[in-house]
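Numbering (this note's numbering), first residue to last: 161 to 371.
Encoded as structure tokens, the structure appears first; notes follow it.
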Amino acid sequence: PPPTCPCQPPLSRLANMNSLCARCAPASTWLQRCRPRAAQRGLVTATTPKKIKRFYQDVTVEQTGDMWRVFLDGKVVKSPKGTHLDLPARGLALRVADEWQSQGEHLKPQEMPLTTLGCTALDIVRPDSSACIDRMLPYLEMDTVCFQEEQDLLAARQQQEWGPLREWFEAHHGVKLSVSTGLGAPGHAEETIMSVAEKLIDRDIWERSEE
């Protein structure tokens, strides 16, 4: 299809938005054609990962160039893909070091959120930032706060709790969110999707990892 077709990821259409392919012309919104299917997701199981016994004693922090690293008994902490966990600030490195130092007899990754975010930024976001943004945008399409119950009492409560959040998002990003009262997707305007994509482009890998 043409590069501006809704079948293409939003980032590939930022420069030119004038044409659609024949297949997409009857339904010209990216939301209708490019929604990831739940069936494409990996199978989630209840298998408990094997426990990893703590293998170090001392945890230290050192500056390397413009970045900061955490060391376990003198060996640098690496991501699951073997990348040195280079952190952009000393304060962040100290917090990551605290996560490793506070571990008991066995490591508990679920209690190491900053280490996880760092590994995500370096292993997943940095290699392909555009693909990362394309993976995030569908969450905007189906965000819970963009749905509203048809029953009046519950709808009033939802408006009370979620209305201010939607208003903040609209003002902060300069967009307009749609709200669905049925089973279908809210159907945000194409301009909304593209505007949010552009703002995500301006964020660095650390900010994108927090989204």
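Heads up, the beta-carbon is just placed ideally off N, CA and C, and yes, glycines get one too.
These figures come from a predicted structure and were not determined experimentally.
Per DSSP, what kind of secondary structure is residue 355 in: helix, strand or coil?
helix
How is residue 215 classed by DSSP in three states: helix, strand or coil?
coil
For residue 302, list the residues DSSP reports as bridge partners.
Bridge partners of residue 302: none, in fact.
Could you give the DSSP three-state label for residue 327: helix, strand or coil?
helix
Excluding five sequence neighbours on each side, which residues of the same chain lie with their C-beta closer than 7 angstroms to the C-beta of residue 365?
281, 285, 286, 289
Quick one: what's got a C-beta closer than 6 angstroms to residue 200's C-beta in the same chain, skipping five residues either side?
Unreliable positioning characterises residue 200 in this predicted model, as indicated by a pLDDT of 44, which lies under 50. The coordinate reading is nonetheless provided below. So no residue of the chain qualifies.
Measure how close the beta-carbons of residue 322 and residue 335 come, nearest whole angstrom, since I'm counting them as under 8 angstroms.
Wrong, their Cβ atoms sit about 16 angstroms apart, outside the cutoff.
How about the segment 247-263 and the segment 324-343: do they share at least three Cβ pairs that are nearer than 8 angstroms?
no
Using the rule of at least 16 other Cβ atoms within 10 Å of the residue's Cβ for burial, across every protein chain shown, is residue 220 buried or exposed?
exposed
Nearest-angstrom Cα distance between residue 233 and residue 291?
36 angstroms
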